[in-house]
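Peer 1:
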């Protein structure tokens, strides 16, 4: 198995998106697609959705999963990774279709409406994913809405899903409009500039220049690191050695979040607005950083990998 994985050009992840009806998952898939096309032009291979659907149907057939219609699917490169995206339906009438899709996933993005938080069907798909032991991260979509509230969403995730939330972003607004995100892990401000969400800038926050914003971001950073350290012994040891929550390197925090996500001890939460094309790149970065590659997935996923119906080089 290890030799087989080494022959692949990129680490591969079979990723599913799950959500309740009307959480703009289609907008999210379209936004991811547009970012993918722009990143692959001239240097990387783009696999058409129809081809990806054909490969998915072969994969379902290989495991005797009866599907008359393929899920919406596409494969695309992101950085040094190759992501195979499966968009599952969110309506309660398609519960069985979601169940079938879960059998082939390495990881999943659970899409929530940032103005509503956890809803009834969210509980259903969450339990389904837990049953298949699919590692998950959560995406708070529609952060551009005036009633979007990441704090309430985090509380509903903690209470209704009985999960440990790891909030990585908070919104940046200017004159009531969403323009970017604050990265609580790296203590950075990410602002989306002109264009259809393709251009954005990162700026390191400083106490001198950012004052109140820096203080709030630092508070969120400390809470994040403290929460992760309660779940991950390796990070806890580093904190003990450093004798501070403030001096931990980002790479150590990222590695700890990945371990917690794969072990399903904690669940990263990223924010954005697919309709406004804000936060899509950071979502895909989180997928690569925190969700498992096939060599880290469960036994069923490794079987699917060997079938090689869906692998793209």
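In full-length UniProt numbering, the protein residues as written are 1 to 313. Every residue gets a Cβ at the ideal spot worked out from N, C-alpha and C, and that includes glycine.
Span of the beta strand (DSSP E) holding residue 319?
Peer 2: Given that the chain is displayed from residue 1 to residue 313, the structure contains no residue 319 and the question cannot be resolved.
Peer 1: Quick one: is residue 194 buried, meaning 16 or more other Cβ sit within 10 Å of its Cβ, or exposed?
Peer 2: As a first step, residue 194 must be located in the chain shown, where it is residue number 194. The residue is exposed, with fewer than 16 neighbouring Cβ atoms inside 10 Å.
Peer 1: Return helix, strand or coil for residue 194, following the three-state DSSP convention.
Peer 2: Counted from its first residue, the chain shown places residue 194 at position 194. Coil.
Peer 1: Pull up the CB-CB distance for residue 270 and residue 112, whole angstroms please, since I reckon it's below 8 Å.
Peer 2: The count along the chain shown starts at 1 and reaches residue 270 at position 270. The count along the chain shown starts at 1 and reaches residue 112 at position 112. Between residue 112 and residue 270 the Cβ distance is about 11 Å, and since that is not below 8 Å, they are no contact.
Peer 1: Applying the criterion that 16 or more other CB atoms from any shown protein chain within 10 Å of the CB defines a buried residue, is residue 280 buried or exposed?
Peer 2: One-based indexing of the chain shown puts residue 280 at position 280. With 16 or more other Cβ atoms within 10 Å, it is buried.
Peer 1: Kindly give me the distance between the Cβ atoms of residue 244 and residue 236, rounded to whole angstroms, as I take these residues to be in contact under 8 Å.
Peer 2: As a working note, residue 244 is residue 244 in the chain shown. As a working note, residue 236 is residue 236 in the chain shown. At roughly 13 Å, the Cβ-Cβ gap does not stay under 8 Å, so residue 244 and residue 236 are not in contact.
Peer 1: With C-beta atoms as the reference, is residue 170 less than 8 Å away from residue 131?
Peer 2: For the purposes of this step, residue 170 is taken as residue 170 along the chain shown, with counting starting at 1. For the purposes of this step, residue 131 is taken as residue 131 along the chain shown, with counting starting at 1. No, the pair does not count as a contact, with Cβ atoms beyond the cut-off.
Peer 1: With distances taken Cα to Cα, identify the nearest neighbour of residue 227 among 166, 79, 145, 134.
Peer 2: The residue labelled residue 227 in the question sits at position 227 within the chain shown. Minimum Cα distance to residue 227 is reached at 166.
Peer 1: Residues in its own chain within less than 8 Å of residue 115 by CB, not counting five upstream and five downstream?
Peer 2: Taking the chain shown and counting its residues from 1, the one referred to as residue 115 is at position 115. If we look at residue 115 and ignore the five residues flanking it on each side, its Cβ neighbours are 142, 145, 147, 148, 149.
Peer 1: In three-state terms, what does DSSP make of residue 204?
Peer 2: The residue you call residue 204 lines up with position 204 of the chain shown. The answer is strand: DSSP assigns residue 204 an E or B state.
Peer 1: Using 8 Å as the threshold, is the C-beta distance between residue 184 and residue 224 below it?
Peer 2: For the purposes of this step, residue 184 is identified with residue 184 of the chain shown, where counting begins at 1. For the purposes of this step, residue 224 is identified with residue 224 of the chain shown, where counting begins at 1. Cβ distance < 8 Å, so residue 184 and residue 224 count as in contact.
Peer 1: Might you give, ordered along the chain, the residues of its own chain that have their beta carbon closer than 8 Å to the beta carbon of residue 264, omitting 5 neighbours on each side?
Peer 2: For the purposes of this step, residue 264 is identified with residue 264 of the chain shown, where counting begins at 1. Correct list, in chain order: 130, 133, 135, 136.
Peer 1: Consult DSSP for residue 268 and reduce its assignment to one of helix, strand or coil.
Peer 2: For the purposes of this step, residue 268 is taken as residue 268 along the chain shown, with counting starting at 1. Of the three classes helix, strand and coil, the one that applies to residue 268 here is strand, per DSSP.
Peer 1: Starting from residue 136, trace the beta strand (DSSP E) both ways and give me its first and last residue.
Peer 2: As a working mapping, residue 136 is identified with position 136 in the chain shown. Where residue 136 is concerned, the enclosing beta strand (DSSP E) stretches over 136-141.
Peer 1: Taking buried to mean at least 16 other C-beta atoms within 10 Å of its own C-beta, is residue 162 buried or exposed?
Peer 2: Sequence index remark: in the chain shown, residue 162 carries index 162 (1-based). Residue 162 is exposed by the Cβ-count criterion.
Peer 1: So, with DSSP's three-state summary, where would you put residue 233?
Peer 2: Counted from its first residue, the chain shown places residue 233 at position 233. Looking at residue 233 - three-state DSSP - the assignment turns out to be helix.
Peer 1: Do you know how far the Cα of residue 206 is from the Cα of residue 121?
Peer 2: Against the chain shown, residue 121 aligns to sequence position 121. Against the chain shown, residue 206 aligns to sequence position 206. Near 41 Å, if we compare the C-alpha coordinates of residue 206 and residue 121.
Peer 1: Comparing C-alpha positions only, which one of 210, 175, 156, 198 sits nearest to residue 189?
Peer 2: Here residue 189 refers to the residue found at position 189 when the chain shown is read from its first residue. Of the listed residues, the one whose Cα sits closest to residue 189 is 210.
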